[in-house]
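Note that my numbering has the sequence shown beginning at 31, numbered continuously upward.
Glycine included, every Cβ here is placed at the ideal spot set by N, Cα and C.
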Amino acid sequence: MNEYVYVALFSLVGGVFSLVGGILLLSRKSTAIMLAKYATPFAAGALLAAAFFDLLPGSIDEVAPETATQWVLVGIVIFFLLEHFLRWFHHHHEHETDNAPALLIITGDTIHNLLDGIAIGAAFLISVPTGIVTALAVAAHEIPQEIGDFGLLMKFGYSRKKVLIINLVTALMSTVGALITFWLGSKSSLPIGVLLAMTAGMFIYIASSDLIPTIHEESRRSMEHLAVVLLLAGIVVVGVSTNLAHRFIDTDRREPESSVNAPIKS
Numbered sequence: 031m032n033e034y035v036y037v038a039l040f041s042l043v044g045g046v047f048s049l050v051g052g053i054l055l056l057s058r059k060s061t062a063i064m065l066a067k068y069a070t071p072f073a074a075g076a077l078l079a080a081a082f083f084d085l086l087p088g089s090i091d092e093v094a095p096e097t098a099t100q101w102v103l104v105g106i107v108i109f110f111l112l113e114h115f116l117r118w119f120h121h122h123h124e125h126e127t128d129n130a131p132a133l134l135i136i137t138g139d140t141i142h143n144l145l146d147g148i149a150i151g152a153a154f155l156i157s158v159p160t161g162i163v164t165a166l167a168v169a170a171h172e173i174p175q176e177i178g179d180f181g182l183l184m185k186f187g188y189s190r191k192k193v194l195i196i197n198l199v200t201a202l203m204s205t206v207g208a209l210i211t212f213w214l215g216s217k218s219s220l221p222i223g224v225l226l227a228m229t230a231g232m233f234i235y236i237a238s239s240d241l242i243p244t245i246h247e248e249s250r251r252s253m254e255h256l257a258v259v260l261l262l263a264g265i266v267v268v269g270v271s272t273n274l275a276h277r278f279i280d281t282d283r284r285e286p287e288s289s290v291n292a293p294i295k296s
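Next comes the structure, spelled out in C-alpha cells:
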C-alpha cells in the first residue's frame, strides 16, 4: 500500500473514533459518559506506552540519547505552555462574549488535532509500524477529549448538526498535519528525531497531567481499581501492537540525522 494512503487512513482513525463518541453523546448521553470514563485511563496507558516503547526509541535511533531526552522535556514544556495560554485566554475573555468560550474550545481542538497530525506524519517518516502505533495512541485519547468538547459546545447553545460539522472539520486537521509533515519529510530533511522526542513529551504530558489525575478523582473504589486495570491494559495493548507491527510490517528506518545529533547547548 502507498505510504501516503497509510498516513491518510490512520490519521483519520482518531477523527472517526471521536465522531462515534460524539454521536453517542448526542443519542445516548449516559453511554457516552461511561465510554469516556473507561476510555480515559486506557488512553493514558496507550499514550505512555507509545511514548516509551516506540517514539522515544525511534528518536534515539535518529539522534543521541541525551539529545532525545532533552527534546522530550522541550515537548512537555511547550504543551504545558500552550495549555496554560489557552486556559489564561479563556479566563480573561470568557465574559466578553457568549461565544468566546466555545470559540476557544474550537481553536484549541483545531491546534491539538494539527499537532496530533504532525506527530503521526513524523512517526510515519520513521516507519509504517511507528506511524500506526502513534495513530492508534492518538485515537485512544481522542475519544474522551471529543466527547467532552461535544458536551461543552452543546452547553454553549450549538445545535447537534453544527457540533458534528465542527467536529468533522477539526478532526480533518489531523490528516492535514500528517500529510503535510510526511510530504515535507519525504522531500527534504526534517529533524525527525527531534519531532519524535517532542511528540513523546507531548504524550507523556497529556497522560500525566490531563488523564491520570481523573483516576484519583474517582470516588468509588471499585471504579478506581478498574481505571488502574484499564491503564495497564492500554500499556499492554500498545506494547503488544508495537511488537507485532514491527515484526509483520517490515520497513527500513531512516539513517540517523547528523544535523541534530548534538545535545542542546545549555
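For Ala81, the closest of Arg277, Ile265, Ala201 by C-alpha to C-alpha distance is Ile265. Going by C-alpha positions, Val168 is about 15 Å away from Val206.
In the three-state scheme derived from DSSP, where H, G and I count as helix and E and B as strand, Arg250 is classed as coil. Closest in alpha carbon position to Ile136, among Ala149, Ala257, Gly151, Gln175, is Gln175. Closest by C-alpha distance to Leu202, out of His114, Leu144, Gly52, Lys67, is Leu144. Around the beta carbon of Met228, 16 or more other beta carbons sit within 10 angstroms, so the residue counts as buried.
In the three-state reduction of the DSSP assignment, Pro174 falls in the helix class. If you draw a straight line from the Cα of Ala98 to the Cα of Gly88, it comes to about 10 Å. Secondary structure note for Tyr188: it is in no alpha helix (DSSP H), with a DSSP letter that is neither H nor E. Contact between the segment 232-250 and the segment 43-54 is absent: fewer than three C-beta pairs spanning the two stretches fall below 8 Å. Across the structure, Ser41 and Arg250 are spaced so that their CA atoms are roughly 36 Å apart. Proximity of the segment 188-200 to the segment 250-259 falls short of the contact definition, fewer than three beta-carbon pairs being nearer than 8 Å.
No residue range can be given for Val93, since it is assigned to no alpha helix (DSSP H) and is classified by DSSP as neither H nor E. In the DSSP assignment, Phe233 falls within the unbroken alpha helix (DSSP H) covering 222-235.
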